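Taken in order, these protein sequences are the chains called A and B.
If you count by the numbering used here, then the first sequence holds residues 332 to 514, one letter each, in order.
If you count by the numbering used here, then the second sequence holds residues 45 to 277, one letter each, in order.
Cβ coordinates follow ideal geometry from the N, Cα and C atoms, glycine included.
As the structure is a computational prediction, the values presented were derived from the model and not from experiment.
Please read the structure below before turning to the comments.
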Amino acid sequence: MNSGAVSTPHVLLALLAAGARHGYELKRAHDERLPRARPLAFGQVYSTLGRLQRDGLVAPAGQEREGGPERTAYALTADGRAALERWLAEVEPPMPYVTSTLLAKVVVALLVSDVETARACLVAQWQAHTARLRELTAVKTAPSASLDDVLAADFAIAHLDADLRWLRTTLERVADWHREVHS
Amino acid sequence: MTELQARGVVKTYGRTPALRGVTLDVAEGEIVAVTGPSGCGKSTLLHCLAGILRPDAGEVSWHGHRIDTWSEAARSRLRRTEFGVLFQFGQLVAELTAAENVALPLLLAGTRRREARTAALSWMDRLGVVDLADVRPGEMSGGQQQRCAMARALVTEPRVLFADEPTGALDTLASEQVLIQLVRLAREQRTTVVLVTHEPQIAAYADREVILRDGMVDHTGLGLDTPLPGSRR
């Protein structure tokens, strides 16, 4: 699967581009816009906002109290907007390192086990991937699916599909390799 | 209730075996994807289940009736009345308009022209192509043609829809639209669907996946059946 970490500071800057918000609103907006990402922890929102404020990319924009504790709203600064635009203009390096637990596991299985164990590992993984593909297809075709849901599911489906192709090719390679070694 | 049943189905083209003893049950209202690498026999299986081809050995039954022993005329009647078929491309008659194409199965079954057109337009409406009623296939996009072909396959309200790589010639988004509509309409009508595809992404729309490998059902769930020393298969 894709292992690229989401750049939380930039996502928060982008969410603030539409207007000032406090931490709680930012967390909710983040989880709504990236519905398939790992939900953001409150602590992470506040620590990220702290760093962004220290770097002059966001600034406090007033206090707000609605029956609960006082909340500080944050707004994007001119430097923050410029940083966001720079980040958007940067091209992401396409797979600079091949780091995947799945790949590592298959390599390890071939290293320490026999071919059948490696193949069993690949087959089990294939079945798990296929099951997940089915779940995500149901998510994206549900009548209630939002555009964000569909985009996130499409992304995951495309990556699962790539993994499945790799798994199939690897299974064939392992079988060929085994035949060559043992013929 | 079992809609379709294959028992030990064998089919050979000349000296080339296409199916080598396929056994399969499809329940009523179920959407089954038949997948596997090219040349694994999936299209041949679809043709045998649909009564288009007669197996060399084995049995094919529809609702408990053995159809492989029926005459070509009887199987052809069954296909016209109870089955719908959808292929990858080249199904619409180029000289006819979309609505005439969709109405064709009803006209062949003896329905009056006006009723056939009304039914055709209603199905075209459900598939979002009613605006193309008077357009000829050559002037439509691949996705539009395929939706008209689907309307034609469904206009007789078949109990089983056989779809062979129905989105094989379409881009990702057009393919997705066709599949979503196919699944939605099949669920609404409780139509059984046998969907042949080699793409895991397409098979994921089905309730169940049956994988063929070298003319046989592969129970490892992978379409890869190279026996290794010590394996029990």
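Identification of residues in the segment 223-238 of chain B having a C-beta nearer than 9 Å to some C-beta of chain A yields Leu-223, Ile-224, Val-227 and Arg-228, given in sequence order.
For Leu-346 (chain A), no chain B residue has a Cβ inside 7 Å of its Cβ, as the nearest lies near 28 Å away. In this structure, the beta-carbon distance from Val-238 (chain B) to Leu-90 (chain B) falls below 8 Å. Going by DSSP, Val-76 (chain B) is part of no alpha helix (DSSP H) but of the beta strand (DSSP E) stretching over 75-79.
If the five residues before and after Ser-87 (chain B) are omitted, its C-beta is found closer than 7 Å to the C-beta atoms of Asp-208 and Val-240, all from its own chain and listed in chain order. Per the coordinates, the alpha-carbon of Val-446 (chain A) lies some 22 Å from the alpha-carbon of Asp-258 (chain B).
8 Å or more divides the Cβ of Leu-357 (chain A) from the Cβ of Leu-344 (chain A). Pairing Ile-111 (chain B) with Gly-85 (chain B) gives a Cβ-Cβ distance that is not under 8 Å. With contacts defined by Cβ atoms closer than 8 Å, Gln-132 (chain B) and Gly-212 (chain B) form a contacting pair. Residues of the segment 349-361 of chain A with a C-beta less than 9 Å from any C-beta of chain B: none at all. For Leu-441 (chain A), the CB contacts under 8 Å within the same chain, skipping 5 residues up- and downstream, are Ala-449 and Val-505 in chain order. Beta-bridge analysis with DSSP links Leu-383 (chain A) to no other residue. Excluding the 5 residues flanking it on each side, Ala-193 (chain B) has same chain C-beta neighbours closer than 7 Å at Leu-130, Gln-135 and Leu-136, in chain order. Cα atoms of Val-389 (chain A) and Ala-487 (chain A): separation of roughly 32 Å, rounded to the nearest angstrom. Between Gly-187 (chain B) and Leu-165 (chain B) the beta-carbon gap is near 19 Å, outside 8 Å, which marks them as no contact.
The beta carbon of Val-227 (chain B) sits closer than 7 Å to those of Ile-75 and Tyr-249, all from its chain and outside the five residues before and after it, given in chain order. Here the alpha carbons of Ala-392 (chain A) and Thr-339 (chain A) stand approximately 20 Å from one another. For Gly-102 (chain B), the closest alpha carbon among the candidates B:Val-54, B:Leu-140 and B:Ala-117 is that of B:Val-54.
Here Thr-241 (chain B) carries a coil assignment [DSSP, helix/strand/coil]. Assignment of beta-bridge partners to Pro-61 (chain B) by DSSP yields B:Thr-56.
Sixteen is the threshold: when 16 or more other Cβ atoms of the shown chains lie within 10 Å of the Cβ of Ser-219 (chain B), as they do, the residue is buried.
The shortest CA-to-CA distance from Ala-406 (chain A) to any of A:Glu-421, A:Ala-420, A:Gln-384 and A:Pro-400 is the one to A:Gln-384.
For Asp-479 (chain A), the closest Cβ of chain B is not nearer than 8 Å. For Ala-160 (chain B) and Thr-141 (chain B), the gap between their C-alpha atoms comes out near 14 Å. When DSSP states are grouped into helix, strand and coil, Trp-114 (chain B) belongs to the coil group. Leu-256 (chain B) sits in a strand when the DSSP states are folded into three classes.
Between the segment 115-123 of chain B and the segment 61-69 of chain B, the count of Cβ pairs shorter than 8 Å is below three; the stretches do not touch. Residue pairing from DSSP leaves Leu-491 (chain A) without any beta-bridge partner. Contact of Gln-135 (chain B) with chain A is not assigned, every C-beta pair being separated by 8 Å or more.
Judged by beta-carbon spacing, Ala-483 (chain A) lies within the 8 Å limit of Pro-366 (chain A), meaning their Cβ atoms are closer than that value.
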